[in-house]
Amino acid sequence: IDLYIEKETDSTNEKAKRFIKKLSSTAIKELSEDRLFIFAADRQLEGKGRRGKKWLSSSEKSLSVSFLFKLPENYPEIPQVTAAAALAVKNTFEKFSLKTDIKWPNDILVNNKKICGILSELFFTEDKSAFVIIGCGVNLNNSCFNEEIKKSATSFYLEKSKKINKNIFLSNFIFEIEDYINKYFSGYRKEVISKWKKSLNIIGKKVKVRENNTLYNVIIKDVLDSGEILAELEDGSKKTFHSFNTSF
Ligand code: BTN
């Protein structure tokens, strides 16, 4: 394992990108797909969330970690590797006796409040090698949040009234995510996706979905292997929604 830990950085996802940019094209070519690079930081000064939002992580009470690996050549589609990451977070919390839910596509919630967010990015080098960066922001020992996110955020400490050792959480998390990523790329992709789908628990539910600026009242019919949701609109027609421009 290649593990880079820092007290403070701008964003561990950006750090992972800078790391790839510095590699020579020979190094990139020779890099094996099963090599996992891990960038962790106690504090992020410019943490990034999904849909261009900020991710508050300037307190050392949270954990910011990004996983980087090269995609196997000829990988056919945008891989739904965040499913693997979401399951890994869920399993890790379970080891510490905390039950969590996965909200499509990859928010980890406890009682409808977010305890972990995941931002996955694809990065292409000049010679067209593709890398995946999975960035996870985990609220561990936070005892309070600012007004803006207070109602929608929680932490391990707030849920269990006890602190958790960050290093022990991180080492368990690394074990889980390596296991799920290996499964995902070694013939068990369907199993990972179907486990993720089961944990999402949204099929059959009536929800309001916002795509760009339009609000739809829909019934969720299925979650496709691509990670999109297939929904029935009020007029009975079907539509798929992608996680990049959709929110509930
Ligand atoms: C979200 O729910 O909006 C996703 C939040 C992702 C935050 C993590 S923290 C580690 C990594 N580095 C970043 O800048 N963002 C991700």
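Numbering follows this note's numbering, in which position 7 of the sequence shown is assigned residue number 7; successive positions increment by one, without gaps.
Every residue, glycine too, gets a C-beta built ideally from N, C-alpha and C.
Since the model is a prediction, treat every value here as computed from it, not as a measurement.
Under the three-state reduction of DSSP, aspartate 10 is assigned to coil, being neither helix nor strand. By the criterion of a C-beta distance shorter than 6 Å, serine 120 is surrounded in its chain by Thr82, Ile134, once the five residues flanking it on both sides are discounted. With respect to the 7 Å criterion, arginine 43 and glutamate 14 are not classified as neighbours on the basis of their beta carbons. Nearest C-alpha to glutamate 178 among Lys22, Val89, Lys61: Val89. Taking 8 Å as the upper bound for CB-CB distance, aspartate 10 and leucine 45 are in contact here, some 5 Å apart. Shown here, phenylalanine 19 sits in a helix according to DSSP, grouped into three states.
In this structure, asparagine 142 places its C-beta atom within 7 Å of the C-beta atom of serine 155. Under the three-state reduction of DSSP output, leucine 119 falls in the strand class.
In the structure shown, lysine 53 falls within a coil segment according to DSSP collapsed to helix, strand and coil. Every alpha helix (DSSP H) stretch that sits fully inside the stretch 74-113 and reaches 4 residues is listed by chain position as 81-95. Selection Val218, Pro72, Phe96 evaluated against asparagine 182 yields Pro72 as nearest (Cα-Cα). Short of 6 Å from the beta carbon of phenylalanine 145, and not among the five residues preceding or following it, lie these beta carbons of its own chain, in chain order: Ala153. In the structure shown, lysine 239 falls within a strand segment according to DSSP collapsed to helix, strand and coil.
By the criterion of a C-beta distance shorter than 7 Å, serine 247 is surrounded in its chain by Arg210, once the five residues flanking it on both sides are discounted. For secondary structure counted as the beta strand (DSSP E) over 3 or more consecutive residues, the stretch 177-239 holds these complete runs in sequence order: 206-211, 214-223, 229-232. Taking non-hydrogen atoms of the ligand BTN into account, the C-beta of lysine 90 is found less than 6 Å away from none of them. Contact check for leucine 3 against isoleucine 38 passes: the beta carbons are separated by less than 7 Å.
Beta-carbon to beta-carbon, lysine 197 and valine 223 are separated by about 5 Å, close enough to satisfy the 8 Å threshold. The C-beta distance from phenylalanine 131 to phenylalanine 69 rounds to 7 Å, short enough to meet the 8 Å contact threshold. At a threshold of 6 Å, asparagine 172 does not count as near the ligand BTN, since its beta carbon sits no closer than that to any of the ligand's heavy atoms.
Within the DSSP secondary-structure output, serine 64 pairs in a beta bridge with Ala41, Gly137.
Spanning the alpha carbons of glutamate 94 and leucine 63 requires a straight line of approximately 17 Å. Just so you know, the alpha carbons of tryptophan 104 and serine 24 end up roughly 37 Å apart.
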